[in-house]
Amino acid sequence: MKLAEITAHLIHTFPHESDLMKAIEEISRKFTTERAKIGDYLKDERLVSAYTAFYLATNVPKLASIMKWMPHEWKESVKGKPLIDLGAGPGTFSLAWRELFGPGEFIQVENSEAMKKQARKLWDGNFPAQEMKHTGLVTDGVILFGHSANEMDVETVIQYIERYSPTDILFIEPGTPEFFAKMLDIRSELIRSGWHVLYPCPKESECPMRKTSDWCHQFIHVSHDPEVERLSQIMRLDRKLLPLTVQLFSRTEYQKPAERLVRVIPETKFSFEWEVCHNNKLEDYQVMKRGMEKATEKRVGNLLSGTPLETELDKDVSGKKRVKLKNF
Ligand SMILES: C[S@@+](CC[C@H](N)C(=O)[O-])C[C@H]1O[C@@H](n2cnc3c(N)ncnc32)[C@H](O)[C@@H]1O
Numbered sequence: 059m060k061l062a063e064i065t066a067h068l069i070h071t072f073p074h075e076s077d078l079m080k081a082i083e084e085i086s087r088k089f090t091t092e093r094a095k096i097g098d099y100l101k102d103e104r105l106v107s108a109y110t111a112f113y114l115a116t117n118v119p120k121l122a123s124i125m126k127w128m129p130h131e132w133k134e135s136v137k138g139k140p141l142i143d144l145g146a147g148p149g150t151f152s153l154a155w156r157e158l159f160g161p162g163e164f165i166q167v168e169n170s171e172a173m174k175k176q177a178r179k180l181w182d183g184n185f186p187a188q189e190m191k192h193t194g195l196v197t198d199g200v201i202l203f204g205h206s207a208n209e210m211d212v213e214t215v216i217q218y219i220e221r222y223s224p225t226d227i228l229f230i231e232p233g234t235p236e237f238f239a240k241m242l243d244i245r246s247e248l249i250r251s252g253w254h255v256l257y258p259c260p261k262e263s264e265c266p267m268r269k270t271s272d273w274c275h276q277f278i279h280v281s282h283d284p285e286v287e288r289l290s291q292i293m294r295l296d297r298k299l300l301p302l303t304v305q306l307f308s309r310t311e312y313q314k315p316a317e318r319l320v321r322v323i324p325e326t327k328f329s330f331e332w333e334v335c336h337n338n339k340l341e342d343y344q345v346m347k348r349g350m351e352k353a354t355e356k357r358v359g360n361l362l363s364g365t366p367l368e369t370e371l372d373k374d375v376s377g378k379k380r381v382k383l384k385n386f
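Each residue of the sequence shown is one higher than the last, beginning at 59 in the working numbering.
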């Protein structure tokens, strides 16, 4: 999304670019070093507009990148289903969902009046012919928590899921150890109530990272409108390579890969070195560069945590699995 398309629909007008940058810096601090005061920005139309100008622009492209990892059949199944954008803020993921999946029913659940005002202005400005509601119930919807479950306790997340009784639930949340700890508790609750994990876990059994100091998170490359890129650079907020926690649950079971790349270890001259979650067991994989075409080597080198894999075992080499990539 272009910055100008967003700024035209803000509820606060920034007299100069420097005022917008100052407000973005204030919010960025609240998301990182001042988390105790995280709720403050939600009452302030100036900060809500700054959130919208910057984070909406960088969060909207996330959905398309994430969808590349999701099972094809699942993507087909959700086309046309109602979207319940939970903790919608300015409607970030409703806008992204509408762009990717087309028209449908949209409910934006949000507590903050300033965010709702902002969301309404942005939605009506972009999709005047498409209804969007802030209240109401739908049947067979998809719930999407976008950077919002991290601001709720586990009980609240579960209560929302019970209230809307969706067919699918997608979490796109910060890629932090703190959120992962919460995500593990939500995951356990959902599996106990019969939900299937479609992403990222190969199985529903216990997460192998629960017993480690590591946390399961993913990375995506995001490219932005040049104006957003310019602002990010001036403010030294790198939004090109983004860590996140993505988890997808469904009432329906779909075929999914048995192996998921969970950590990229620095490559050697001869090999790519990865930690892989293989049927919910963490294993060290090695992919040799020898014999690879240059273009393939480059593509393999660009793979990020979160990518589904299909491999063939070559041999076990001192505790590591030397594998060949299939269908790559
Ligand atoms: C960081 S913003 C994310 C907004 C948007 N989903 C996005 O990704 O850009 C988090 C939003 O969650 C909302 N929120 C937090 N707790 C909530 C709750 N219990 N019910 C509804 N909304 C909530 C906040 O008001 C805020 O607008």
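For glycine and all other residues, C-beta sits at the position ideal for the given N, C-alpha and C.
CB residue i to CB residue j, shorter than 8 Å?
| i | j | result |
| --- | --- | --- |
| S301 | H275 | For the record, residue 301 in the displayed sequence is Pro; it is not Ser. It is a contact, given that the beta carbons lie within the stated cut-off. |
| L105 | I85 | yes |
| I64 | A108 | no |
| G204 | T150 | yes |
| Q166 | H192 | yes |
| A122 | L61 | no |
| M173 | L78 | no |
| S271 | R321 | no |
| V334 | E355 | no |
| K261 | N337 | yes |
| L242 | C265 | yes |
| E131 | Y257 | no |
| R156 | T225 | no |
| P140 | V212 | no |
| E168 | G147 | yes |
| P232 | N208 | yes |
| V118 | A154 | yes |
Figure out for me which residue from the options has the closest Cα to the Cα of residue i.
| i | options | result |
| --- | --- | --- |
| V304 | K240, L158 and E355 | K240 |
| G138 | L153, W127 and G160 | G160 |
| Y113 | L371, M350, T310 and L295 | L295 |
| M210 | L144, P235 and R268 | L144 |
| M128 | P186, K314 and G233 | K314 |
| L289 | S76, E351 and I69 | S76 |
| K347 | M190, V358, G233 and E247 | V358 |
| D283 | M293, E220 and K298 | K298 |
| G70 | K175, K126, E236 and I323 | The sequence shown places His at residue 70, not Gly. Checked all of K175, K126, E236 and I323; the closest Cα to H70 is K175. |
| K342 | P324, M350 and K352 | Looking at the sequence shown, residue 342 is not Lys but Asp. Comparing Cα positions, the closest option is P324. |
| E171 | D102, D198 and F229 | D102 |
| G97 | S206, F185 and F72 | S206 |
Could you give the first and the last residue of the continuous alpha helix (DSSP H) run that contains residue i?
| i | result |
| --- | --- |
| P235 | P235 to R250 |
| S290 | P284 to M293 |
| E213 | V212 to Y222 |
| V358 | K352 to G359 |
| D77 | E75 to F89 |
| E157 | T150 to F159 |
| L61 | L61 to T65 |
What would DSSP say about residue i, mapped onto helix, strand or coil?
| i | result |
| --- | --- |
| D342 | strand |
| S263 | coil |
| K126 | coil |
| T197 | coil |
| S271 | coil |
| Y99 | helix |
| R348 | coil |
| G183 | helix |
| V381 | strand |
| P119 | helix |
| F112 | helix |
| Q313 | coil |
| Q188 | coil |
| L256 | strand |
| L68 | coil |
| L105 | helix |
At what residues does the beta strand (DSSP E) containing residue i begin and finish?
| i | result |
| --- | --- |
| E333 | S329 to H336 |
| Q305 | L299 to S308 |
| T326 | T326 -> no beta strand (DSSP E), and no H or E assigned at all. |
| T369 | T369 to V375 |
| L277 | The sequence given here places Phe at residue 277; Leu does not occur at that position. F277 -> beta strand (DSSP E) spans Q276 to H279. |
| I142 | L141 to L144 |
Below 8 Å on the Cβ atoms is my contact criterion, and I expect residue i with residue j to pass it. Report the Cβ-Cβ distance as a whole number of Å.
| i | j | result |
| --- | --- | --- |
| W273 | F307 | Not really, about 18 Å apart at Cβ, beyond 8 Å. |
| I201 | I142 | 5 Å |
| H74 | K179 | Actually they do not touch by this definition, with Cβ atoms about 21 Å apart. |
| T365 | L319 | 5 Å |
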